[in-house]
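Just below is one structure, and these are the notes that go with it.
Residue numbers (the numbering used here), protein chains in the order written: chain A, 42 to 158; chain B, 3 to 334.
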């Protein structure tokens, strides 16, 4: 039996436990809603604007940079595990990779992609 | 004991093990919350919770009962399904990481539900899914502060996750495996905190940011964002985010123990003390560090936080990785 099956069973048990926690408030708590309680919270005043999901574009930029760099970070993992076998060859390959990555990183920095305005 | 285990089908054993791990983890959550309140109180020269049982020992139970009976509100502007899904996702992802954490080891094997060989990757997968819980919660609330809090949280968590994944690669280079038990076994001579000190420091900083704890708790900066992503949540649903946050703290404390402090390996050669005790002591030390940081440091400013993650931690982690690899490759 592979350990992944155990992990899957564990996740099943965890799902049941989490679901129980999510269903409990519906059974125990007494909901007595009224119009004021169901308003979105804005420090006591009536909501002044409709939330249309607008937020600064900086966050999208961070998300894109994350995708680019995280894929590259993930590619270090298999290499790192094999480092004892790869030795100087692995080091050379990885330094080349890091330098290439570094050029992109320097470009983003220069363009102000890491600047929070 | 072994006779009983031999008779039962293996999956029953796994289910029982899972239930035990979850029960222990939830109890640990309850008491780490009390521990935090007590330690903070002592650091600020006040008594802390002391009305419920001796030393406030029943405070977690009182809190749980209060949470369960609180009214559960959903704003009219909320997306009802996603609003309810978000705390569930957060909690499930936080619980999931404990599936593979080995708490100790004896002659019969590891004390874990399953020791998968891609251990570190599984942990990072779970913490990444936890981010969905937070970003969906803010989006589904249909309210201003939660939305801002959740996009902030998402940007912060993904930025620091990057530095975090890079900071542990040095350990993998030294150990030559991603299995958590394998990494612990590789530390029988010297704990990785010594050769990987820079990696350890980066890991601890990113771990605090990743779990949204002070001084990186921009996510729920109450002076700017009210409660952040969980402003609209009340009752037990708010409690679920709370549980998830503490479980994540415990997870990163366990991972720090396993990767850098020899896991269940004894200190000073004291092999008579069980491995589980060592593991718990080390993990509790990290939880104490969290509380210490919270009472000591003021909150970061958001632009500095992002700049620190991208311009300092990420290059430092890469440097650490290259230096470790060069040591392995060129050492005789």
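C-beta atoms are modelled at their ideal positions from N, C-alpha and C, and glycine is treated no differently.
Name the chain A residues whose beta carbon is nearer than 9 Å to that of residue i?
{"i": "residue 194(B)", "result": "Chain A residues near residue 194(B): none, gap ~13 Å exceeds 9 Å."}
{"i": "residue 313(B)", "result": "150 and 155"}
{"i": "residue 86(B)", "result": "63"}
{"i": "residue 42(B)", "result": "Here the premise fails: no neighbours, minimum Cβ distance about 26 Å."}
With a threshold of 16 other CB atoms inside 10 Å of the CB of residue i, please say whether the residue is buried or exposed.
{"i": "residue 3(B)", "result": "Because the pLDDT at residue 3(B) is just 46, under 50, the model does not fix this residue reliably, and the value given afterwards should be weighed accordingly. Exposed, because fewer than 16 other Cβ atoms sit within 10 Å of the Cβ of residue 3(B)."}
{"i": "residue 335(B)", "result": "The shown model of chain B, from 3 to 334, leaves out residue 335(B), and the question about it has no answer."}
{"i": "residue 168(B)", "result": "buried"}
{"i": "residue 179(B)", "result": "buried"}
{"i": "residue 299(B)", "result": "exposed"}
{"i": "residue 12(B)", "result": "exposed"}
{"i": "residue 288(B)", "result": "buried"}
{"i": "residue 330(B)", "result": "buried"}
{"i": "residue 256(B)", "result": "buried"}
{"i": "residue 263(B)", "result": "buried"}
{"i": "residue 209(B)", "result": "buried"}
{"i": "residue 137(A)", "result": "exposed"}
{"i": "residue 222(B)", "result": "buried"}
{"i": "residue 116(A)", "result": "exposed"}
{"i": "residue 158(B)", "result": "buried"}
{"i": "residue 212(B)", "result": "buried"}
{"i": "residue 189(B)", "result": "buried"}
{"i": "residue 244(B)", "result": "buried"}
{"i": "residue 152(A)", "result": "exposed"}
{"i": "residue 38(B)", "result": "buried"}
{"i": "residue 281(B)", "result": "buried"}
{"i": "residue 292(B)", "result": "buried"}
Find the nearest neighbour of residue i within the set the options, judged by alpha-carbon distance.
{"i": "residue 30(B)", "options": "302(B), 247(B), 154(B) and 321(B)", "result": "247(B)"}
{"i": "residue 134(B)", "options": "90(B), 60(B), 123(B) and 277(B)", "result": "90(B)"}
{"i": "residue 308(B)", "options": "276(B), 55(B) and 160(B)", "result": "160(B)"}
{"i": "residue 143(B)", "options": "93(B), 130(B) and 233(B)", "result": "233(B)"}
{"i": "residue 151(B)", "options": "84(B), 64(B) and 230(B)", "result": "230(B)"}
{"i": "residue 328(B)", "options": "124(A), 62(A) and 156(A)", "result": "124(A)"}
{"i": "residue 82(A)", "options": "140(B), 243(B) and 285(B)", "result": "140(B)"}
{"i": "residue 294(B)", "options": "45(B), 269(B) and 71(B)", "result": "45(B)"}
{"i": "residue 43(A)", "options": "27(B), 117(B) and 163(B)", "result": "117(B)"}
{"i": "residue 62(A)", "options": "220(B), 196(B) and 93(B)", "result": "93(B)"}
{"i": "residue 64(A)", "options": "239(B), 251(B) and 243(B)", "result": "239(B)"}
{"i": "residue 333(B)", "options": "104(A), 147(A), 150(A) and 132(A)", "result": "132(A)"}
{"i": "residue 69(B)", "options": "114(A), 140(A), 59(A) and 69(A)", "result": "69(A)"}
{"i": "residue 127(A)", "options": "83(B), 184(B) and 175(B)", "result": "175(B)"}
So what does residue i bridge to, in DSSP terms?
{"i": "residue 112(B)", "result": "107(B)"}
Give the C-beta separation of residue i and residue j to the nearest angstrom, bearing in mind that I take them to be a contact with Cβ-Cβ under 8 Å.
{"i": "residue 338(B)", "j": "residue 100(B)", "result": "No information on residue 338(B) is available, as it lies outside the stretch 3 to 334 that chain B covers here."}
{"i": "residue 267(B)", "j": "residue 104(B)", "result": "Between residue 104(B) and residue 267(B) the Cβ distance is about 12 Å, and since that is not below 8 Å, they are no contact."}
{"i": "residue 73(B)", "j": "residue 71(A)", "result": "7 Å"}
{"i": "residue 198(B)", "j": "residue 237(B)", "result": "About 43 Å; that fails the 8 Å criterion."}
{"i": "residue 51(B)", "j": "residue 33(B)", "result": "Their Cβ separation, rounded to whole angstroms, is 12 Å, which puts residue 51(B) and residue 33(B) out of contact at 8 Å."}
By the criterion of Cβ-Cβ separation under 7 Å, what are the contact partners of residue i in chain B?
{"i": "residue 83(A)", "result": "146"}
{"i": "residue 135(A)", "result": "327"}
{"i": "residue 56(A)", "result": "94"}
{"i": "residue 116(A)", "result": "Simply none; closest approach about 10 Å."}
For residue i, would you say it is in contact with chain C, using Cβ-to-Cβ distances shorter than 9 Å as the test?
{"i": "residue 145(A)", "result": "In the displayed structure, chain C is absent; the protein chains listed are A and B."}
Identify the contact partners of residue i in chain A, using a Cβ-Cβ distance below 7 Å as the criterion.
{"i": "residue 117(B)", "result": "44"}
{"i": "residue 73(B)", "result": "70, 71, 72 and 73"}
{"i": "residue 199(B)", "result": "None at all; the shortest Cβ gap to chain A is about 18 Å."}
{"i": "residue 101(B)", "result": "48, 51 and 52"}
Run down chain A in chain order and give the residues with a C-beta less than 8 Å from the C-beta of residue i.
{"i": "residue 21(B)", "result": "54"}
{"i": "residue 304(B)", "result": "157"}
{"i": "residue 77(B)", "result": "79, 80, 81 and 82"}
{"i": "residue 239(B)", "result": "63 and 66"}
So with CB distances below 9 Å, who are the chain B contacts of residue i?
{"i": "residue 124(A)", "result": "174, 175, 176, 178, 326, 327, 330 and 331"}
{"i": "residue 107(A)", "result": "157, 160, 161, 163 and 164"}
Can you pull the chain B neighbours of residue i, defined as C-beta to C-beta under 8 Å?
{"i": "residue 110(A)", "result": "164 and 316"}
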